[in-house]
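J.: Quick note, the sequences are listed as chains A and B, same order. Taken in order, the first sequence gives residues 1 to 162; the numbers are from the numbering used here. Taken in order, the second sequence gives residues 1 to 272; the numbers are from the numbering used here.
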Amino acid sequence: MTASKKIVLLGHFGVGKTSLIRRFVENTFSEDYQVTIGVHISKKTIEIPEQESISLIIWDLEGQDDLKKTRSSYLLGTNGFIYVFDSSRPLTFENLNSELKFLKENYPNVPVKVVGNKMDLVNKTYLAQYSSVFKPLVDFFVSAKTGSRIETLFSKLAKELI
Amino acid sequence: MNQDEKLSIIKDILLTDEREFVSSIENKIKILENTVNKRDNLSAKVNPIIDEKLKTFIKEIPDTLGPTITEALKEEIKNSKDAVVEALFPILGQMVKRYVQHEMKLLSEKINNQVNNTFSFKRFFRKTKSKASGINESDLILQEQTNTKIEQAIIIEKGSGLVLAEFSKNKMADEDMVAGMLTAIKSFVEDAFKKESQNLQYIEYDLYHIHLQNFSSFYIAIVVSGAYNIIYKDKLEDKILKFASNQKVISTLKNKALLTKKLEDFFKNDGI
Chain A
1 MTASKKIVLL GHFGVGKTSL IRRFVENTFS EDYQVTIGVH ISKKTIEIPE QESISLIIWD
61 LEGQDDLKKT RSSYLLGTNG FIYVFDSSRP LTFENLNSEL KFLKENYPNV PVKVVGNKMD
121 LVNKTYLAQY SSVFKPLVDF FVSAKTGSRI ETLFSKLAKE LI
Chain B
1 MNQDEKLSII KDILLTDERE FVSSIENKIK ILENTVNKRD NLSAKVNPII DEKLKTFIKE
61 IPDTLGPTIT EALKEEIKNS KDAVVEALFP ILGQMVKRYV QHEMKLLSEK INNQVNNTFS
121 FKRFFRKTKS KASGINESDL ILQEQTNTKI EQAIIIEKGS GLVLAEFSKN KMADEDMVAG
181 MLTAIKSFVE DAFKKESQNL QYIEYDLYHI HLQNFSSFYI AIVVSGAYNI IYKDKLEDKI
241 LKFASNQKVI STLKNKALLT KKLEDFFKND GI
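#1: Under 8 Å, Cβ to Cβ, is there at least one residue of chain A near B:Ala184?
#2: Mind checking whether A:Ile57 and A:Lys113 have CB atoms under 8 Å apart?
#3: Shorter than 8 Å from the beta carbon of B:Asp277 to some beta carbon of chain A?
#4: Would the beta-carbon of B:Ile150 fall within 8 Å of that of B:Phe243?
#5: If contacts are defined as beta-carbon pairs under 8 Å, then A:Val115 and A:Val142 qualify, I think. What distance do you get, rounded to the angstrom?
#6: Quick one: any contact between the stretch 67-85 of chain A and the stretch 184-204 of chain B, if contact means 3 or more CB pairs under 8 Å?
#7: Quick one: what does DSSP say B:Ala72 is sitting in, helix, strand or coil?
#8: Which residues bound the beta strand (DSSP E) around A:Tyr83?
#9: Please compile the residues from chain A whose C-beta is within a distance smaller than 7 Å of the C-beta of B:Asp176.
#10: Quick check for students: name the residue ranges of the beta strand (DSSP E) that lie wholly in the stretch 45-112 of chain B, counting only runs of 3 or more.
#11: Report yes if the CB atom of B:Lys158 is closer than 8 Å to the CB atom of B:Ser217, and no otherwise.
#12: Using three-state DSSP, classify A:Asp60 as helix, strand or coil.
#13: Check the Cβ of A:Leu76 against every Cβ in chain B and list those closer than 7 Å, keeping chain order.
#14: I need the DSSP call for B:Ala165, collapsed to helix, strand or coil.
#15: Please identify the residue among B:Thr56, B:Ile156, B:Glu20 and B:Thr70 whose C-alpha is closest to the C-alpha of B:Phe215.
#16: Tell me the rounded alpha-carbon separation between B:Asp63 and B:Glu76.
#17: Against chain B, does A:Arg71 count as a neighbour if the rule is that its beta carbon must be under 8 Å from one of theirs?
#18: Can you name the start and end residues of the beta strand (DSSP E) that A:Ser30 belongs to?
#19: Return the Cβ separation of A:Tyr83 and A:Glu62 in integer angstroms, given the expectation that the two are a contact with Cβ distance under 8 Å.
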């Protein structure tokens, strides 16, 4: 029987959480920005090599500039977090340290993947400029627009959850 | 006789016909002016022509303008579906409402006739039940005649919203998504009212009623179609509580296959 795991995506408004999920679940992308209100739930079952399949129940929460403002009941029973920021907007990752600290303190046993989205909008020089922030904290740089590294992100997290 | 007088006589002789012609033209112009400048006279002349032209134009509209108008309307409807729905909704809503009211009236009359004209043990039993419960006898008959069905039953983990077991007669919707959304809605409502001891117990969606029964670490969602009233709710609550205690749900929460089997065995019949 396929196991189900709850994945919650967190991050500021407009960082591309919904686009990232849509790329992963439906393999589609749209430039039109529609703000998420409350929560939207998606599901995708993935096969883990030499393991069973796993159903990821993905909770796409509305953006918040501070994790403390997120409705805590939405985070109950989470098996894995994906913290998303917009690589091209420093405002969305300037408090990364404190946001991750909040997650580690309140959900100590839940794995967290830190993801910089919109990689298609930045270049190497820009990344180097923020390397002191990115290097120790960021797990993946992805692009919902091109689909780059999104499958890898979810399958790596899924493997950690089994 | 001087030169001018002679010339005048010659003119009279030579131009008599022309003068008469000029005079007749002057008269005709006066008549025309009278016709054009006076509204009544002009109307009398022009109206029959316009009427005739209009009749022809109206007759020819389907052939001449019809295809253009149809095409324009089609395009307009295609481009603004929401606006069309907005415009039609109140009209259709009223029509449906009137139809339903009419049908309900007929049904009510039928039931009243049935109540008044029949005598049986069943009726006696129903009357006693009506008096005891305070529910109108017609409502009881309605309940007897309405086909209430359990469409889906889901056991959902509190907090995470993950499905612990599920049974459905017809695959209505993905149980994981339904469970997730129900949990999110429950969390939102319960947070909003900020009363931990209170739980969301019921959601109505389209033709379905979703009954939510809360336990300590999980809750059970039963999707019902048909009439869902206070009597049915009470019976369903009893049935769920019986399921939870008799089937030892708490001890089998980790065993999805076994719990699913128990859920199916218990809820596959509609009778409660």
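Here a beta-carbon is modelled for each residue, glycine too, at the ideal position from N, C-alpha and C.
T.: Reading from the atomic positions:
#1: B:Ala184 counts as touching chain A.
#2: Judged by beta-carbon spacing, A:Lys113 lies beyond the 8 Å limit of A:Ile57, meaning their Cβ atoms are not closer than that value.
#3: There is simply no residue 277 of chain B to check, as chain B begins at 1 and stops at 272 in what is shown.
#4: Cβ atoms of B:Ile150 and B:Phe243: not closer than 8 Å.
#5: The pair is a contact, with the Cβ atoms about 6 Å apart (cut-off 8 Å).
#6: With a cut-off of 8 Å, the stretch 184-204 of chain B and the stretch 67-85 of chain A count as touching, because enough Cβ pairs lie within range.
#7: It is helical.
#8: Start and end: Gly80 to Asp86.
#9: Correct list: Ser4, Lys43, Ser55 and Ile57.
#10: With a minimum length of 3 residues, no continuous beta strand (DSSP E) run stays inside the stretch 45-112 of chain B.
#11: Cβ atoms of B:Lys158 and B:Ser217: closer than 8 Å.
#12: Looking at A:Asp60 - three-state DSSP - the assignment turns out to be strand.
#13: At a C-beta separation below 7 Å, A:Leu76 has these neighbours in chain B: Gly159 and Ser160.
#14: It is a strand residue.
#15: Just measuring C-alpha positions, the residue of B:Thr56, B:Ile156, B:Glu20 and B:Thr70 sitting nearest B:Phe215 is B:Ile156.
#16: Rounded to whole angstroms, B:Asp63 and B:Glu76 show a C-alpha spacing of 21 Å.
#17: The beta carbon of A:Arg71 falls within 8 Å of a beta carbon belonging to chain B, placing the residue at that interface.
#18: Counting along the chain, A:Ser30 falls outside any beta strand (DSSP E), and DSSP gives it neither H nor E.
#19: Their Cβ separation, rounded to whole angstroms, is 15 Å, which puts A:Tyr83 and A:Glu62 out of contact at 8 Å.
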